[in-house]
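Inspection log for the structure reproduced underneath, given as structure tokens.
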Amino acid sequence: MDTNQILSVVFFFTLSQREPVREWLKSLNKEDRKVIGEDIKLVQFRWPLGLPLVKN
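See the structure below:
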């Protein structure tokens with residue numbers, strides 16, 4: 040995979056500095072985290088993409 044990152048990943052955080060999406064990801068089992076992490080990586084390095092992975 041190309042090493043030039045096109046998009047940065049930033050997790051949403053609340054005013055109290057919680058990151059609910061990161062917390063949810065960490066609650067998943069290892070296999071599910073891996074699949075989602077690979078999808079995030081694909082978006083970061085191969086943007087622009089379309090459905091079914093990314094919707095405008």
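Take the position in the sequence shown, starting the count at 1, then add 39; the result is the number in the numbering used here. C-beta atoms are modelled at their ideal positions from N, C-alpha and C, and glycine is treated no differently. Note that the structure is predicted; figures quoted are calculated from it, not measured.
Apart from the 5 residues on each side of it in sequence, Q44 sits with its Cβ closer than 7 Å to the Cβ of Q83 and F84 in its chain, given in chain order. Excluding residues up to 5 positions away in sequence, Q83 and W86 lie with their Cβ nearer than 6 Å to the Cβ of L46 in the same chain.
Inside the stretch 54-95, DSSP marks whole alpha helix (DSSP H) runs of 4 or more residues at positions 59-66 and 69-85, from first to last along the chain. Between the alpha carbons of E77 and Q56 lies a gap of roughly 26 Å.
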